[in-house]
Structures are given as structure tokens and as C-alpha cells.
Amino acid sequence: MTISRVAIIGLGLLGGSIGLAIKARGLDIATTGYDRDPAVRAKAAERGLVGQVYGTAAEAVTDADLVILCVPVGAMGAAAHELALGLAPHAIISDVGSSKEAVAEALAAALPGACIIPAHPVAGTEQSGPEAGFATLFSGRWCIITPPDGVDPAALAALSDFWTQLGSKVELMDAAHHDLVLAVTSHIPHLIAYTIVGTASDLEDVTQSEVIKYSAGGFRDFTRIAASDPVMWRDVFLTNKGAVLEMLGRFSEDLTALQRAIRSGDGDTLFDLFTRTRAIRRQVIEQGQDDERPDFGRGHGE
Ligand code: NAP
């Protein structure tokens, strides 16, 4: 099965980056796109995010071999409904949503009988919209594909090959397991960042200007994550409720243990944990998932 025409629904950070990556890598793939916002469609056409921007989803997906939904996870079902009329019978339907079980259910309900293979490129930034996309977003990053039972092996191979051509490393995973893994590596860290930044802004004894002035002490690294798109993250928590609440339970227990260690002056517990976490940071760098330069390579004015 050859993918020679890709339709991208949702032309923000993820959708735009897919279109730009196809172009920058010189792949022999025609791209079309649609976004519900006319201003986004205009910007997408101006930046050349896809070859042709259409005014309806059904027109954009006509003759596409692969349709990729790049909308917030809460909008996947509605977006799939909208494009159904234009879909070619052989088309593969995929997505980039950050939670997978709920998206698989929404797509299956909207497009019964279609070849649906959900996926999640684990690559992104805190920015969103049609100006945020860039061609190298997926280079060297993982793309997790969560094929449903009974998937067509040729379609799965074609989708895996597509993401490999965009520079990603592909991993296959069960959707429920994906949701648990991502709850701990992505969703809980975002919730913690949202909490810390929210708590700091509500403090009475420390002024907001002090929080911002001294943010280099650690706070500013949380503000990057907490600046992420509110719609996207609202939807992630609402669609990955089970796994997030399970991991949050574990996190709360560990936080209580640390609280106890601090109160009772148990330095060994603190030291042992901080030693283990430092080793994890080393592994993240060794596996090419982050920059090894201190302080994320910030310039410090030199
Ligand atoms: P984004 O930059 O906000 O782009 C999403 C676009 O989809 C917006 O222009 C939005 O328009 C449009 N849209 C919403 N509903 C639509 C519909 N029914 N039909 C057509 N267009 C529609 O978001 P993003 O960061 O690219 O995220 C897209 C998906 O990627 C999400 O599912 C997210 O979970 C996943 N993801 C994100 C990241 C990340 O770091 N950002 C990483 C991996 C995966 P409006 O603004 O009018 O709603």
C-alpha cells in the first residue's frame, strides 16, 4: 500500500509540522488540509503548510490515502463526522491525539467500518496554532502507534513507514498501556506544572512580581509547561481520566512520604530519592531525549 496523498485536518502545531516535514524531506506525497477556523486556513495557505487548503473537511480528504486528524482530542469525533462524506474507501484514518483509548472509540463511532489506526507522535512544544509548526518537530522523536485488534497489516506497515519517513522512531503499543505510560511521563507533569504556577499566583505573602523576578530558581521551567494550550490539555485530562487519576494517587502517596521526611528531618530519604532522580536525568540525556548542556543550554548572557 502506497501513501501518495495525505489530508491533514487541523492545521495547528502538529498538523502544520506534518505538512512542513513532508515538504522539507522532499517526500513524494501530495498534501491537502482543512481547519475549521478561516483565519487558520488563511495562515496555513500563506505559510504553505500543505499543498492545498480546502474550505471543507470532506473536500480536503477526497482521494487521500491517509487522513490525519490533528485537532484537540475532545474534537476528534466531530471532526471525523465532518469528513466522512468525502472519504475514499481505501483511506487510512489516523490522528496525533495525546490520549488513545478515548480517541479510538470516538473515531470508530464516527466512521464505522473505516480503517482506523490511531497514533501519537511524542513531540511538541508549548506553542500552538498555524504559526507554531516546524519541519523538524518529529526528527528523532518517538511516534507511538496503537493499532486496534484485527488491523490490516499492510495499512499498519504503510502508516509506520510514513512516520519513519518523517524522521520518527516508531513503537507499537496497546492503547490502554499508552494512556498509562503517557499519564506518568506527560499528563501528570503538566498537571503539576499547572498546579505550581497556579499556587504561586495565588500566594498572599509572596508577591507575583517576586515570583516572576526570582523565577530562575526553578519556577520558570514549570511556566514553560504551564503555558501549553488550555483546550488541548483540558481535553487530555478529560479523556485520560482513569490513568491520570491512578497515577495521581501514586504521586500523592509519594508526596506525602516526602512531606513526612521533611517534617521528621529524615535527610537520608531525601538524599536517596534525589540521587535516584539525578540518575534518571542522565538516562534521558544518554537516550537523546534532551540537551546535555546545563540549564537546557540557556545562554546566560554570554
Ligand atoms: P493546535 O495548534 O491548537 O491546532 C489544532 C487546530 O485544530 C486548531 O486550529 C483548531 O481550531 C482546529 N480544530 C479544532 N476542531 C476542529 C474541527 N472539528 N475540524 C477542523 N479543525 C479543528 O493544537 P496542536 O498542538 O496541534 O494539537 C493537536 C493534537 O495534537 C491534539 O489532539 C493534541 O493532543 C496532540 N498533540 C499535541 C502535542 C503538543 O505538544 N501540542 C504533542 C503531541 C500531540 P480552533 O482553534 O478554532 O479550535
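Residue numbers (this note's numbering): 12 to 313. Backbone N, C-alpha and C define an ideal beta-carbon position, used for all residues, glycine too.
- Glu93 counts as buried, since at least 16 other C-beta atoms from the protein chains shown sit within 10 angstroms of its C-beta.
- Residue environment analysis places Thr13 among the exposed positions, since fewer than 16 neighbouring C-beta atoms fall within 10 angstroms of its C-beta.
- By the 16-neighbour rule on beta-carbons within 10 angstroms, Pro164 is exposed.
- Counting along the chain, the unbroken beta strand (DSSP E) around Gly44 starts and ends at Ala41 to Tyr45.
- Residue nearest to Thr42 within the set Ala55, Ala32, Arg16 and Tyr225 is Arg16 (criterion: CA-CA distance).
- Within its own chain, the residues whose Cβ lies closer than 7 Å to the Cβ of Tyr205, once the five positions on either side in sequence are excluded, are Ala237, listed in chain order.
- In the three-state scheme derived from DSSP, where H, G and I count as helix and E and B as strand, Lys111 is classed as coil.
- Setting aside the 5 residues that flank it on each side, Pro158 is surrounded in the same chain by Ile128, Leu167 and Leu183, each with a C-beta closer than 7 Å to its C-beta; the list follows chain order.
- DSSP, read as helix, strand or coil, puts Arg245 in helix.
- Leu266: member of the alpha helix (DSSP H) spanning Lys252 to Arg274, first to last residue.
- Approximately 13 Å separates the beta-carbon atoms of Gly27 and Pro132; this is outside 8 Å, ruling out the contact.
- With respect to Val247, His198 sits close: the two C-beta atoms are nearer than 8 Å.
- Judged by DSSP in its simplified three-state form, Arg36 adopts coil rather than helix or strand.
- The region 162-192 is shown to contain whole beta strand (DSSP E) runs of 3 or more residues at 180-183, in chain order.
- Around the beta-carbon of His311, fewer than 16 other beta-carbon atoms lie within 10 Å, marking it exposed.
- With contacts defined by Cβ atoms closer than 8 Å, Asp160 and Ala254 do not form a contacting pair.
- Nearest to Ile207 by C-alpha distance, out of Ala69, Ile223 and Gly21, is Ile223.
- Pro123 and Lys111 have their C-alpha atoms roughly 17 Å apart.
- Here Val72 really is in contact with Ala102; their C-beta atoms are around 7 Å apart, less than 8 Å.
- In the displayed model, Ser15 falls within coil according to three-state DSSP, outside both helix and strand.
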